[in-house]
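Have a look at the structure below, then the notes.
Numbering (the UniProt record's numbering), first residue to last: 1 to 493.
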């Protein structure tokens with residue numbers, strides 16, 4: 001039985017969809033406002049949401065992004081006004097499953113509900129699941145990587161994991177192993193960057209007694225130890241060139257010969273490799289074999305850097321601070337929003353590993369803190385947070401706008417610039433002086449309109465670029481443009 005959520009201020013549509021859901025033997029909830037509906041979506045797990053666009057307290061399209069960020073995001077069917085082609089386009093571009101134009105017949109609503117629930121059922125039946133509690137995050141990039149890792153775990157091909165230092169490549173390699181049919185076998189790690197070049201061959205293939213001066217006994221190699229399990233080659237880009245040819249043969253035949261040995265031995269292992277290097281560039285420079293790269297690329301997962309994972313920084317921080325409290329057998333310390341904002345403003349070149357190192361330093365250095373504040377962070381992070389707070393204002397002043405009279409000039413203070421008229425706020429006479437709240441609201445409206453006009457001009461009305469620059473969704477930008485009666489065509493003139 002599926003769960004259906006209806007967010008529509010029309011009681012008739014709500015009752016109709018509830019009746020249809022009941023007839024199809026599914027449960028349902030109805031909300032008349034956007035706030036009420038989103039509160040329900042956050043508290044309960046729904047399979048499908050029927051979402052109206054025009055609601056008393058907001059635009060339904062603005063909720064699409066948050067609905068897609070939920071732990072188990074529902075399918076969303078948008079209910080839009082008849083003939084509203086722009087609304088339909090926005091709905092699909094923003095990730096909605098489908099849309100229904102008002103007015104619609106009960107048969108149409110029934111058909112949409114049947115189809116979307118059938119699609120949902122088929123998708124969940126085919127969706128691979130990945131169990132690995134140490135991977136923390138709900139951002140779109142990390143969810144995508146988790147889905148890829150789940151698919152990789154179900155296959156038998158080799159896996160190549162790419163990503164900057166500290167992004168969690170070993171965690172994902174372990175996740176692939178732990179969720180594969182080889183989970184009962186060994187997980188053998190080979191750190192190619194830390195093994196001396198003259199010992200790589202012996203460590204990988206093993207050696208016979210007397211193979212070289214210090215070989216006083218037979219030694220089993222890591223390839224042999226990985227038999228029945230997974231061999232994880234970390235930093236595979238550091239594998240010496242003269243070893244790559246031998247290792248390629250091992251991958252093809254799953255046989256190897258220990259150093260000094262004469263007999264071919266077998267090892268049934270699955271290879272997972274990882275690197276932070278550009279292997280294609282290494283191939284071009286003659287430092288990595290093209291044929292080996294082809295073998296490694298059977299299934300590739302590219303992990304995002306921490307700076308591209310949005311609110312995962314907050315989730316990771318809370319997770320790790322709670323873990324430290326457990327490890328040290330102490331009561332968890334509260335974390336302020338300002339502390340988390342400061343962490344989010346840093347670029348984290350060392351990614352998750354660097355974040356955890358900083359959090360451990362903060363935790364161990366401030367055991368008496370009642371709440372973690374920005375002052376508890378290392379100086380370099382506090383400086384970065386201060387710069388992040390100031391920089392946008394400086395950029396706006398220095399590169400985006402120069403105010404002259406009542407005109408906004410786009411560009412630097414010298415050279416050509418495009419002007420946008422700024423509507424002036426007339427100072428009221430003494431008898432009609434407004435309350436501060438009213439004055440502030442009008443000033444904010446003026447600033448918001450000016451920002452939108454400037455944004456469209458900067459992006460040449462490219463809505464995708466505008467969304468990226470502003471941090472708003474495309475649907476939200478369209479709603480604001482409509483609110484202020486701004487036309488893209490006018491901006492481009």
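Even for Gly, the Cβ is constructed at its ideal location relative to N, Cα and C.
The Cβ-Cβ distance between residue 190 and residue 176 does not fall below 9 Å.
In terms of Cα proximity to residue 75, the closest of 108, 4, 30 and 62 is 4. Between residue 135 and residue 273, the C-beta gap is not smaller than 9 Å, which leaves the two residues out of contact. In the three-state reduction of the DSSP assignment, residue 273 falls in the strand class. Cβ neighbours of residue 81 within its own chain (closer than 8 Å, five residues either side excluded): 53, 54, 87, 101 and 102.
For residue 139, no beta strand (DSSP E) run applies, since DSSP gives it neither H nor E. Just measuring C-alpha positions, the residue of 276, 311 and 110 sitting nearest residue 192 is 276. In the structure shown, the three-state DSSP call for residue 135 is coil. Pairwise C-beta distances place the region 444 to 455 out of contact with the region 31 to 43, as fewer than three of them are shorter than 8 Å.
Taking a cut-off of 8 Å on C-beta distances, the region 372 to 382 touches the region 334 to 353, as three or more cross pairs fall below it. Runs of the beta strand (DSSP E) spanning 3 or more residues and lying entirely within the UniProt domain "Response regulatory" (3 to 117) occur at 3 to 7, 27 to 31, 48 to 52, 75 to 80 and 98 to 101, in chain order.
Here the C-alpha atom of residue 180 lies approximately 42 Å from the C-alpha atom of residue 463.
For residue 205 against residue 229, the beta-carbon gap comes to about 17 Å, at or over 8 Å, which does not count as contact. When secondary structure is reduced to three states using DSSP, residue 190 falls in the strand class. In this chain, the beta strand (DSSP E) harbouring residue 230 covers 230 to 234.
When beta bridges are read from the DSSP output, residue 301 appears opposite 161. A contact between stretches requires three or more CB pairs, one per stretch, nearer than 8 Å, and the region 105 to 118 fails this requirement with the region 304 to 323. Around the CB of residue 328, fewer than 16 other CB atoms lie within 10 Å, so the residue is classed as exposed.
Residue 472 has its alpha-carbon roughly 44 Å from the corresponding atom of residue 187. DSSP places residue 255 in the strand class (E or B) of the three-state scheme. Distance from the CA atom of residue 252 to the CA atom of residue 264, rounded to whole angstroms, is 14 Å. By DSSP's assignment, residue 265 forms a beta bridge with 256. For residue 375, no alpha helix (DSSP H) run applies, since DSSP gives it neither H nor E. Excluding five sequence positions before and after residue 165, the CB atoms of its chain that fall closer than 6 Å to its own CB belong to 276, given in chain order.
Burial check for residue 29: the Cβ neighbour count within 10 Å reaches 16 or more, so the residue is buried. According to the DSSP assignment, residue 463 belongs to the alpha helix (DSSP H) that extends over 463 to 470.
Of the other Cβ atoms in all chains shown, fewer than 16 fall within 10 Å of the Cβ of residue 25; this residue is therefore exposed.
One Cα belongs to residue 249, the other to residue 178, and the distance between them is close to 26 Å. In this structure residue 17 is not in contact with residue 46, their Cβ atoms being roughly 13 Å apart against a cut-off of 8 Å. In the DSSP assignment, residue 371 is bridged to 334. Bridge partners of residue 207 according to DSSP: 219 and 259.
Using a Cβ-Cβ distance cut-off of 8 Å, the region 115 to 123 and the region 135 to 145 are not in contact, since fewer than three pairs of beta carbons, one from each stretch, lie closer than that value. Between residue 183 and residue 330, the alpha-carbon positions lie close to 34 Å from each other. In its chain, beyond the 5 residues on either side, 289, 290 and 293 have a beta carbon closer than 8 Å to the beta carbon of residue 283. Straight across, the Cα-Cα distance linking residue 37 with residue 93 is about 22 Å. Linking residue 385 to residue 316 through their CA atoms gives a straight-line distance of about 18 Å.
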